[in-house]
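A.B. asks: Attaching a single structure in structure tokens format; questions to follow.
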Amino acid sequence: MTGTDETMKADVFEGLSEGQIASLGQGVEELRGVKGRRLFKEGEKAGHLWIVKEGQVDLGFELPGRTASEVHTLIAVPAGKAFGWACFVPPYKHLLSAYCSSDACTVFRLEKEFLLGCFDKDPAMGYRVMANLAGLVGERFNWLQGSTKVVPYARVKITVHMATCGIAAGAREVVNALVDELSKEDRPHIMMHTSGCIGKCKTEPNVTVQIEGEEPVIYQKMNGEKVRKVFTEHVLKGVVQSEWVLV
Amino acid sequence: MVNLDTLEKVEVFKDLDDRRLSAVAECCAEVVFQRGEGIFKAGEIARHLWAVAEGKVKLEAEPASALKETEVSETQVFGWPCLLTAPTYRFTASCAARSAKVIRIDAACLRELFEKDPELGYRVMSGLLCVIGNRFQQLQEEVVKRRGQDMMNQW
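Protein chains in written order, with this note's numbering: chain A, 1 to 247; chain B, 1001 to 1155.
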């Protein structure tokens, strides 16, 4: 068992009172893992609702004879989001496997029976949680349904090179523009990072776009406007913006 | 007002007592559609939950979507975005039988009932989670199948 403050931050518990959160806190179990740790496997009985406290968890399908790192991710679950809703949906089995995908991750889990007991005692809590869960699954449905229209299922890593030279050349403006674009819609498959200089100080700010399964593309002399174009055309539609590519 | 016998067969209203069913019935109306007739279009604001009482309804998404088409049969519900935070229909619904009798349920009226009677809200939203979950599983299978095919092609 652990404190309830972190539990309260989960999207599925939005709208609950402090008292309701406190009663749920009685059933919280915390688990820690490192990258690659499997939390559950597809086909296993789903007996818990899970919440990411820190880090990221990937949900994907497994390939026979392949290692955990080769599990193919369908959905990336960031901190504050729940997964494992199959515990409330017949046949109560996980259809995907869950793995820690960040260097370290901390997750909460609550037993389904414990939750149902709480909901029976307090139907108002049950109503809120089920409505939130329905919203969460609906949101994921829409994302998965639409994900084939852009970059098909691929994970994207955007790196802004931010050493002193990059910052002096305007890398902060580039980061701000990317954060703005990312905040417009829930896109858990796109991750932004910052890193040091790549030894091309004259072409800073440099930005690397790496789409899963493709060669990384380094863009040079980026600014807010250019990086927004790279985001909408390359990251979302897969069209490389050749005029700014560092050769 | 919809007959309670019809309403109690709807997947999300199963096991409700007559008092609760009567309250829900106040939010409902029966509508009959002929083959090919449109019920709602993708992109429209979702104001109603729908249930098939007789016949069949076809749901179609944009051609680029993973799950392009699905069918809804008697006792099943569709149009569930109306009870979520972003209430926009994602599919276009039309009558897929010679005629279909459909129950149209006012989402705002339902929400009001849920606030007054949280146990009703809990039961219906639990049922709706199963409906959305099953639809999600259907979509997921389609996506996994497609992705598996892509990978086989790469090999």
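Using N, Cα and C, we set each Cβ at its ideal position, and we do this for glycine too. Just so we're clear, the structure is a prediction, and the values are computed from it rather than from any experiment.
1. Anything in chain B within Cβ reach of A/Y127, meaning under 7 Å, just list it in chain order.
2. In this structure, does DSSP put A/K93 in helix, strand or coil?
3. Can you name the start and end residues of the beta strand (DSSP E) that A/F251 belongs to?
4. If I measure Cβ to Cβ from A/E44 and keep anything under 8 Å in the same chain, skipping five residues before and after, which residues do I get?
5. Output, in chain order, the set of chain B residues within a Cβ distance shorter than 9 Å of A/G238.
6. Exposed or buried, what is A/V151 when buried is set at 16 or more other beta-carbons lying within 10 Å of its beta-carbon?
7. Which of helix, strand or coil does DSSP assign to A/S102?
8. By DSSP's criteria, B/K1101 is part of a beta bridge. Which residues make up the other side?
9. Is the stretch 1011 to 1023 of chain B close to the stretch 1118 to 1132 of chain B, with three or more CB pairs under 8 Å?
10. At a CB distance below 8 Å, what residues from the stretch 131 to 148 of chain A approach chain B? Give them in sequence order.
11. Taking only the alpha-carbon atoms, compute the straight-line gap between B/G948 and B/Q1140 and give it to the nearest angstrom.
12. Is any beta-carbon of chain B found at less than 8 Å from that of A/V28?
13. Please name the residue in A/V247, A/V227, A/S17, A/L144 whose C-alpha comes closest to that of A/V179.
14. What does the alpha-carbon distance come out to for the pair B/Y1122 and B/L1113?
15. Would you call the stretch 164 to 174 of chain A and the stretch 71 to 85 of chain A in contact, with 3 or more CB pairs under 8 Å?
16. Between B/V1077 and the rest of its own chain, which residues show a CB-CB distance below 7 Å, the 5 nearest in sequence each way excluded?
17. Distance check for B/G1036 and B/C1095, CA to CA, integer angstroms please.
18. Output yes if chain B places a C-beta closer than 8 Å to the C-beta of A/A124; else output no.
19. Quick one, which of A/K121, A/A169, A/K157, A/A168 has its alpha-carbon nearest A/H234's?
20. Classify A/K121 as helix, strand or coil using the three-state DSSP reduction.
21. Going along chain B in order, which residues have a C-beta closer than 9 Å to the C-beta of A/P90?
22. Quick one: give me the first and last residue of the alpha helix (DSSP H) that A/L24 is part of.
23. Counting only the same chain and skipping the five closest in sequence on each side, list residues whose C-beta sits under 8 Å from that of B/E982.
24. What residues in the stretch 1064 to 1090 of chain B bring their beta carbon closer than 8 Å to a beta carbon of chain A?
25. Of all the CB atoms in chain A, is at least one closer than 8 Å to the CB of B/A1097?
26. If you scan the stretch 1069 to 1133 of chain B from start to end, which runs of the alpha helix (DSSP H) of 4 or more residues do you find wholly inside it?
27. If you run the structure through DSSP and keep just helix, strand and coil, what is B/F1000?
28. Using three-state DSSP, classify A/I167 as helix, strand or coil.
29. Given a threshold of 16 other Cβ atoms within 10 Å of its Cβ, counted over all protein chains shown, does A/S69 qualify as buried or as exposed?
30. Quick one, are the C-beta atoms of A/L49 and A/C87 less than 8 Å apart?
31. Flag this pair as yes or no: are the beta carbons of A/G60 and A/L96 separated by less than 8 Å?
32. Is A/A10 closer than 8 Å to A/I51 when the C-beta atoms are compared?
33. If you draw a straight line from the alpha carbon of A/G36 to that of B/D1005, how long is it in whole angstroms?
34. Here's a check: name, in chain order, each residue in its chain whose Cβ is nearer than 7 Å to the Cβ of A/E111, leaving out the five neighbours to either side.
35. Mind checking which residues open and close the beta strand (DSSP E) that includes B/S1022?
36. Which residues of chain A have a Cβ atom closer than 7 Å to the Cβ of B/Q1137, listed in chain order?
C.D. replies: According to the structure shown:
1. F1114, P1118, G1121, Y1122, M1125
2. The three-state reading of DSSP puts A/K93 in strand, counting E and B together.
3. Outside the displayed range of chain A (1 to 247) lies residue 251 of chain A, so it cannot be described from this structure.
4. Correct list, in chain order: K93, H94.
5. Residues of chain B passing the Cβ test: none, with the nearest at roughly 13 Å.
6. Because the pLDDT of A/V151 is 39, which lies under 50, any placement of that residue in the model is unreliable, and the number read from its coordinates should be weighed accordingly. A/V151 is buried by the Cβ-count criterion.
7. DSSP places A/S102 outside both helix and strand once states are collapsed to three, so it counts as coil.
8. B/V1032, B/E1054
9. Touching, yes.
10. A131, L133, A134, G135, V137, G138, E139, R140, F141, N142, L144, Q145, G146, S147, T148
11. Since the first residue shown for chain B is 1001 and the last is 1155, residue 948 of chain B is missing from the structure and cannot be characterised.
12. no
13. A/V227
14. Spanning the two alpha carbons is a distance of roughly 11 Å.
15. no
16. V1010, E1011, V1012, L1049, W1050, A1051, V1131
17. 5 Å
18. yes
19. A/K157
20. helix
21. The CB of A/P90 comes closer than 9 Å to the CB of C1130, G1133, N1134 in chain B, given here in chain order.
22. 18 to 25
23. No answer is possible for residue 982 of chain B: the residues shown for chain B start at 1001 and end at 1155.
24. A1064, S1065, A1066, L1067, W1080, P1081, L1083, L1084, T1085, A1086, R1090
25. no
26. Fully enclosed alpha helix (DSSP H) runs of 4 or longer: 1107 to 1116.
27. Outside the modelled stretch of chain B, which goes from 1001 to 1155, sits residue 1000 of chain B, for which no answer is possible.
28. helix
29. Below a pLDDT of 50, predicted positions are generally treated as unreliable, and A/S69, at 47, falls in that range; no measurement from the model is reported.
30. With respect to the 8 Å criterion, A/L49 and A/C87 are classified as neighbours on the basis of their beta carbons.
31. yes
32. Yes, the Cβ-Cβ distance between A/I51 and A/A10 is below 8 Å.
33. For A/G36 and B/D1005, the distance between alpha carbons rounds to 52 Å.
34. G27, G47, H48
35. B/S1022 -> not in any beta strand (DSSP E); alpha helix (DSSP H) instead, spanning 1018 to 1025.
36. L95
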